[in-house]
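*Asks:*
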Amino acid sequence: MSETVVTMLTNAFSVLVFPGLLFVMIVGLLLAGIDRKVLARMQKRKGPPVLQPFYDFFKLMGKETIIPDAANRRVFLAAPIIGFVSLVVMVVLIPIGGYTPFGITFNADLIVMLYLLTIPAVALIIGGSSSGSPYAGIGISREMVTMMAYELPLVIVLLTVALKVGGGSFCFSLGEISAWQETNGALITHWELIPAAIAFLFVIPAEVGTQPFDVAEAETEICEGPLVEYTGAPLAMFKLNTAIKMFVMTALFTVLFFGNAVATEYLALNALIVVAISAGITVLSMTLAHAVCARLKIEHLFKFYWTVVTALAAISLVLVWCL
Amino acid sequence: MFKKIIAKSMSKSPWIYHVNTGSCNGCDIELVAVITPRYDAERFGFKLAGTPRHADIVVVSGPITSQSKDRLARTLEQVPEPKVVVSIGSCPQSGNVFKGSYSVEGPLEKYTHVDVAIAGCTPKPEAIIEGLYKAAQILQEKREAMEK
Amino acid sequence: MMEMFNNYEVVKHFPVIAVMGLFLFAFLIEIFGAKCKIIRNTLTLIATGGAFALILGLIPMVFGEGNVISYWMGDWKPVAGYAIGIGYEVDALSLFFGLLVSGTFFLSSIYSIKYMSRDHHLGHYYTLFLMLSGSVLGLVLTGDIFNMFVMIEIMTFASVALTAFRNKKGIALEAGFKYLILGSIGSSLVLAGIAVLYMQCHTLNMAQISSIIGGAGLNPSLVFAFALMFAGFGVKSYIVPFHTPAADAYMAAPSSISMVFSGMVNKAGVYALIRLTYTIFNAMDIPAVNILLVTLGAITMFIGVTMALAQHDFKRLLAFHSISQIGYVITAIGLGTALGLSSGLFHAMNHTMFKGLLFLCAGAVFYATGTTDLDKLGGLSKRMPKTTICFLIGAFSISGLPPFNGFASKWMIYQSVYAKGVESGNFAYIFATIVALVVSVMTLASFIKVTQAVFFGQLPDKLKDTKEVPFAMRLPMWIMSGLCILSGVFYRFVDVNVLYPVRNAAFGVKNYISSMLGGEAAAAASNVSSEEFFTLWDPKLWLILFAIVLLAVCIVVLLGDKTLGAVRKNKASEESDGKYATFFGGEKSTHSHVAGSDLFWGFKKDFKGYFKFMQGMHSGSVNDYALYVVVGTALIVATMFIFVL
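Chains as they are written, first to last, in this note's numbering: chain A, 17 to 339; chain B, 5 to 152; chain C, 33 to 677.
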């Protein structure tokens, strides 16, 4: 009896505190802050404080929530929460430094991850669509095209990793991929996977929706796209979702390409290492691109992903298959 | 607990929506200059928002022409509470050189309560930053007043 | 009462009674129900409900005890080892499809009562409806290949008549005509195949043919028959390049019929393909057949979904998605592995549910507004909230969002295709996996388009008075939505209790033969590999975690309600409308709805050449379409001769 209580409490702890709700909120917003700070330094500005996203979040929480007449009230309010919750649950499944609170096989599967990643995006799309604004209409169309654009290279990268790790057998589990790297070295050190890693680095900003791949939320042209009618707490939720997505994507990169190779015996240290690597990847993939490039047009974005990025991923796939 | 953080955050993260009501574009350029690396208003958390729904501070430039009057009113309505209205340049205050024109229906006070007015034709970026900073403080006060 | 279902002598009559009953009632309706609404509806419900009940009654016998029910019509038992009578043979595979058929028709008949009430000549409608249901049910339950052909013919002609039922619209007649021509070509191919088969085997009983072929092996004539029947059933299941009539037919037919077409009529083709490849020819060990099916499946799903992206009619879009989803099923069953077959069957079952649901939603929209044109609709979610919820459930299921059923089956399909690729070392399977994954996103994209164009966005002035559809129409929709969620969350239950017996039946050819012909004939047998899932997707645990976090969020929101910004429930009286109007950059809000037809131009622009080519190919000319069928058949025959022999 007491054992079940303990298990339930540990489960609740892992969902609500680490690596769940609280941890991911803090780390996500922190990463967003680092992104903005480093971007500012790259542009020779002083930049906002690292805690700026926290301020933004709390400020939005305190603003009035307006539900426009044209909107479908329930969907409009439910969409950000569903996106947020599904992201938090997703983080629990990522083995951070080999830490899997729900067993190594539970749901931490490449395909499941891929599909869980679409839920927040769909939440954003449905929420924007339900607001009834034509700007949102254009925004969701772009969001969807972006999604189609990065999905192809992402799929190829994931299958490449699975092929490399599995060898002649089937291996989709993130836990196994992570563990494999403990004995065989981090995947990033295998030269044939470097193009795939670069492709993944390109996928991250599109998935998160940062410049130059933020066509869906282009604030200067289509007034923040799907978010145009959102105010107050729901908007805060969506901003938080974007921040969490940063962590999810970079943590996924860490698991796929570093895995347990960087893990130590101590859980807290592992978490720190993962956060540090995540921050590094954030800077590398998102901030750098943001500082260097202007926003792309949607058809250019699509073409870029289906040619350049897909080619990078496909090179790795073919190399892994042939070698 | 949240009350204090939220109130404090109000002054730390004011998002700006800019409405041009027939301005000569001088003030608009200066407002953009404020977010360039040289002046970098982002260090105070300022950010240009894409829609009035996200805004905390509405910056109005220009002498309110008859064409822009209704549009200004609609935009101001759509900003969620608490909100602060800042006028930038002399035009919204007095009409400036456009005063007396058949198509100018200023000043801005006729249509809304102006919290901060930044004078000058055009105001220097430093002045704009100071004005916006004050506006951010007013935002926090308004939020605290809403609590009570 | 329960004794009855375990008594073989009683139960063995059920399949025949179900099929015969449907045909009988079809004529009764024509005699008694042509004028009187109540008699007509009662007879229809009795017939479809009765058939469904009888098929349900077979479950304990077939799924529970693993029996195969064999029934010789008129007690014409085999003479001197040769089957001369018509035999009905119901194994788990037949029963699985039989359940889907009778269930779909039952729900469709409930829906029809209200939905069709504004049409005329309903006596003919219900007669044809029951003819169709009887023929599809007969097709999946029969053990005789010529009987199967007869059922296909009845099915085709009932379908043609139902497609053209609303014949005041030119499009319905055109669709009926296309269906007639291409359906006849398909049936002829099947007939030609059966003729060759009969020449070789001197019997029409599937079990016996299977045993003869298993004993003697393939010769060129048999391969030719196989190719012809493969192509013929391909036409019936609308795999590319035989898919062309489907789009028109599904669009022009009434929604209650589109649901049946998409849910069952093309599934009957899939069933026939499974019987052909798994049971009759036992051909799933031949790599060329696997590759052929997987290739056709991958092409079908890609072309189906890209064509769907270009559509601007609700039902036509759904029709192309039907084609695309059948591509998944064909790919999965083409693998010839245990997991592959399970996943294919599971996806077929799920497709029946969610596509049926979506067609019913399309029908509800048509009933309420009188159009299915995506450019004329919009903002219906405020007027038809319940239909919107049903539609979203269906859309999320078909796009494979967890935890709905589409995800469970697609996830199994990806696993099985990828595993086959890794095992066999053939890159084609890996490529098929990539195609399947990308097609899934495109499916999502086109349903986002429908969501935006029909249910969200702005409400046109013309549709201001739209009302929610009556309960009798919503009931089947709710049932289907419930099934979509349940089979998604409890997919392990479905897998163990339904799919295991079905897949064992499909692989257990020996058992199939011996239960039909007695112990004498049994040559071919397949090994049933008992491969399990490679990794685990546990929707229940995921939902629990989801609920915990949701609860936490709700608690925070409730505690912080005072401190958080106020959510305005109603307009305060002193405030003007402007505050709650849609933001138009300061302009007065007007009607400006972003409709569906142009939603993905960024994507379409990059694929300009492809879309132009595809639209040119789908010219609408029956001559072209017939040509595709001929060319496709020729290619299949050629492939078979080159690689199988």
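Glycine is no exception: its CB is placed at the ideal position from the N, C-alpha and C atoms.
Every value quoted in this text rests on a predicted model; they were computed, and no experiment measured them.
#1: With DSSP as the reference, label residue 270 of chain C as helix, strand or coil.
#2: List in chain order: all unbroken alpha helix (DSSP H) runs of 4+ residues lying wholly within the region 32-84 of chain B.
#3: Between the region 281-299 of chain C and the region 245-261 of chain C, do at least 3 Cβ pairs fall closer than 8 Å?
#4: Check each residue of the region 29-57 of chain B: if its Cβ is closer than 9 Å to any Cβ of chain C, include it; give the result in chain order.
#5: Is the beta carbon of residue 262 of chain A sitting closer than 9 Å to the one on residue 36 of chain A?
#6: Measure from the C-beta of residue 27 of chain C to each C-beta in chain B and report whether the shortest distance is under 9 Å.
#7: Kindly list the residues whose CB is nearer than 7 Å to the CB of residue 318 of chain A, restricted to its own chain and excluding five residues on each side of it in sequence; keep chain order.
#8: Just to make sure I have the definition right: I need the residues of chain A whose C-beta is within less than 8 Å of the C-beta of residue 85 of chain B. Which are they?
#9: Are three or more beta carbon pairs between the region 330-339 of chain A and the region 647-665 of chain C nearer than 8 Å?
#10: Taking 9 Å as the threshold (C-beta atoms), are residue 491 of chain C and residue 410 of chain C in contact?
#11: Beta carbon of residue 221 of chain C, beta carbon of residue 263 of chain C: below 9 Å?
#12: May I ask which residues mark the beginning and end of the alpha helix (DSSP H) holding residue 159 of chain A?
#13: Which one of A:313, A:99, A:126 has the shortest CA to CA distance from residue 190 of chain A?
#14: Residue 641 of chain C to residue 524 of chain C, Cα distance in whole Å?
#15: With 16 other CB atoms within 10 Å as the buried threshold, where does residue 605 of chain C fall?
#16: With a 10 Å radius around its C-beta and 16 neighbouring C-beta atoms as the bar for buried, classify residue 345 of chain C as buried or exposed.
#17: So what does DSSP say about residue 126 of chain B, is it helix, strand or coil?
#18: Report yes if the C-beta distance between residue 304 of chain A and residue 73 of chain A is below 9 Å; otherwise report no.
#19: Which residue wins for smallest C-alpha separation from residue 159 of chain A, given the options A:100, A:241, A:128, A:326?
#20: Please go through the same chain and pick out, in chain order, the residues whose beta-carbon is closer than 8 Å to the beta-carbon of residue 150 of chain B, but skip the five residues on each side of it.
#21: Helix or strand or just coil, what does DSSP make of residue 22 of chain B?
#22: What is the DSSP secondary structure of residue 125 of chain A, counted as helix, strand or coil?
#23: Counting only C-beta atoms, is residue 577 of chain C closer than 9 Å to chain A at any point?
#24: Quick one: does residue 218 of chain A have its CB under 9 Å from some CB of chain C?
#25: Rounded to the nearest angstrom, what separates residue 222 of chain A and residue 146 of chain C at their Cα positions?
#26: Against residue 334 of chain C, what residues of chain B qualify as contacts under a CB-to-CB distance less than 8 Å, listed in chain order?
#27: Mind checking who residue 103 of chain C pairs with in its DSSP beta bridge?
#28: So that I know if they touch, is there some Cβ in chain C lying closer than 9 Å to that of residue 19 of chain B?
#29: Does the Cβ-Cβ distance between residue 155 of chain C and residue 61 of chain C come in under 9 Å?
#30: Below 8 Å on C-beta distance, what does residue 337 of chain A contact in chain C?
#31: Against residue 88 of chain A, what residues of chain C qualify as contacts under a CB-to-CB distance less than 9 Å, listed in chain order?
#32: Give a yes or no on whether the minimum CB-CB distance between residue 446 of chain C and chain A is below 9 Å.
#33: Which term fits residue 670 of chain C, buried or exposed, when burial requires 16 or more other beta carbons within 10 angstroms of its beta carbon?
#34: Counting C-beta neighbours from all protein chains within 10 Å, is the total for residue 68 of chain A 16 or more, i.e. buried, or is it exposed?
#35: As an exercise, report each continuous alpha helix (DSSP H) stretch of at least 4 residues that is fully enclosed by the region 178-246 of chain C, in chain order.
#36: On the DSSP letters alone, give me the boundaries of the alpha helix (DSSP H) that residue 66 of chain A sits inside.
*Replies:* Short version:
#1: coil
#2: DSSP runs (the alpha helix (DSSP H)) wholly in the region 32-84 of chain B: 70-81.
#3: no
#4: Answer in chain order: 55, 56, 57.
#5: no
#6: One cannot answer for residue 27 of chain C here, as it falls past the ends of chain C, which runs 33 to 677.
#7: 161, 165
#8: 79, 80
#9: no
#10: yes
#11: yes
#12: Counting along the chain, residue 159 of chain A sits inside the alpha helix (DSSP H) bounded by residues 150-182.
#13: A:126
#14: 44 Å
#15: Low confidence applies to residue 605 of chain C: its pLDDT is 49, below 50, so where it sits in the model is not reliable enough to give any reading.
#16: So residue 345 of chain C counts as buried.
#17: coil
#18: no
#19: A:241
#20: 85, 86
#21: strand
#22: DSSP places residue 125 of chain A in strand when its eight states are reduced to three.
#23: yes
#24: no
#25: 47 Å
#26: Neighbours of residue 334 of chain C on chain B: none; closest Cβ ~37 Å, over 8 Å.
#27: C:120
#28: no
#29: In this structure, residue 155 of chain C places its C-beta atom within 9 Å of the C-beta atom of residue 61 of chain C.
#30: 459, 462
#31: 411, 413, 414, 417, 420, 487, 488
#32: yes
#33: exposed
#34: buried
#35: 202-233
#36: Element bounds for residue 66 of chain A: n/a, residue is neither H nor E.
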